[in-house]
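Novice:
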Amino acid sequence: MKKIIFTDLDGTLLDPGDYSYEKAKNALELLKKKEIPLIFCTSKTRAEIEFWRKKIGNNDPFISENGGGIFVPKDYFSFKIQSVKEYNNYFLIKLGINYSQLIDFINFLKEKYNIRSFSDMSSKEIAVDANLELTQAELAKKREFDLPFKILNKKQEKNILNEIDKHGLNYTIGGRYYHLLGDNNKGEAVKILSDLFRRKYGDIKTIAIGDSENDFQMLDSVNEGFLVKKKNGSYASNKYKKAKGVGPEGWNKIVQQEVL
Numbered sequence: 002m003k004k005i006i007f008t009d010l011d012g013t014l015l016d017p018g019d020y021s022y023e024k025a026k027n028a029l030e031l032l033k034k035k036e037i038p039l040i041f042c043t044s045k046t047r048a049e050i051e052f053w054r055k056k057i058g059n060n061d062p063f064i065s066e067n068g069g070g071i072f073v074p075k076d077y078f079s080f081k082i083q084s085v086k087e088y089n090n091y092f093l094i095k096l097g098i099n100y101s102q103l104i105d106f107i108n109f110l111k112e113k114y115n116i117r118s119f120s121d122m123s124s125k126e127i128a129v130d131a132n133l134e135l136t137q138a139e140l141a142k143k144r145e146f147d148l149p150f151k152i153l154n155k156k157q158e159k160n161i162l163n164e165i166d167k168h169g170l171n172y173t174i175g176g177r178y179y180h181l182l183g184d185n186n187k188g189e190a191v192k193i194l195s196d197l198f199r200r201k202y203g204d205i206k207t208i209a210i211g212d213s214e215n216d217f218q219m220l221d222s223v224n225e226g227f228l229v230k231k232k233n234g235s236y237a238s239n240k241y242k243k244a245k246g247v248g249p250e251g252w253n254k255i256v257q258q259e260v261l
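Going letter by letter, the sequence shown gives residues 2 to 261 in the numbering used here.
(1) In angstroms, rounded to a whole number, what distance separates the CA positions of Leu14 and Gly248?
(2) Rounded to the nearest angstrom, what separates Ala128 and Lys142 at their Cα positions?
(3) Return the residue from the list Ile205, Ile5, Ile116 and Gly176 that minimises the CA-CA distance to Pro38.
(4) Work out the CA separation of Glu158 and Ile152 for me, nearest whole Å.
(5) Hey, could you find the ends of the beta strand (DSSP E) Val223 is sitting in?
(6) Do the segment 34-53 and the segment 62-77 make contact, defined as three or more Cβ pairs closer than 8 Å?
(7) Which residues in the same chain as Pro17 place their Cβ atom closer than 8 Å to its Cβ, once the five residues preceding and following it in sequence are excluded?
(8) Once DSSP output is grouped into helix, strand and coil, what is the label at Lys245?
(9) How long is the line joining the alpha carbons of Lys34 and Asn186, rounded to whole angstroms?
(10) Whole-angstrom Cβ separation of Val256 and Leu31, contact assumed at under 8 Å?
(11) Would you mind listing the beta strand (DSSP E) stretches within the segment 11-41 that are 3+ residues and don't spill past its ends, in chain order?
(12) Using 8 Å as the threshold, is the segment 144-151 in touch with the segment 111-122, meaning 3 or more CB pairs across them?
This is the structure:
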């Protein structure tokens, strides 16, 4: 049975402090050796994911911006994929709404509430706030389906989230930001991509690894879901299996446990 691994990046494969994946290198090499697909499923943009794919040496499909888009390299599957658009060297399965619609709605919210979003923030401000290199912050601003934002007055949180629900949009809560998005999520994207892998391999076992609340739908959509420890040593939930280690250290242990 072919195994397929879906993973979050920030705080999971990448260290929550310095974004290093050094402690996961043994497991990454094992996946390459055994030719096990590794699917990045993250709130990061396509541009950011492409940076990390190149750095890590990953050539598999990926899911961007909390399920907003599924990007499949054109030569990856031998069969035709339905309902796709050609996008550079990929076939794109678009699940999210246009970024401009999210900006319009966040501007509507800002008339009543104390909010700051990526659309307001400069690359330099994002770099400082998210502990990113400036070049990484510039890639993080190249958004297509998901708008990160901060609620500056926590007393307004409930009303803001209710407004999002009332207007038919969705949100997730990540490690650093709230994310405004359309009718898409990591879980739905994982299900679609898993079906494509079943067409390729037949029976598969799907595994997912995350660290925060916005990974729960991904973890619910696979055969086995794991959480790594947060930087403070806690877990985002007691519902899922637990990796004994923070970020890439826990990731490394789970992958080797599941693959060896």
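Heads up, the beta-carbon is just placed ideally off N, CA and C, and yes, glycines get one too.
Specialist: Reading from the atomic positions:
(1) 6 Å
(2) If you take the alpha carbons of Ala128 and Lys142, they lie about 10 Å apart.
(3) Ile5
(4) Roughly 7 Å between the two C-alpha positions.
(5) From DSSP, Val223 is part of no beta strand (DSSP E); its letter is neither H nor E.
(6) yes
(7) Asp11, Gly176, Asp212, Lys231, Lys232, Val247 and Gly248
(8) Strand, per DSSP.
(9) 31 Å
(10) 7 Å
(11) none
(12) yes
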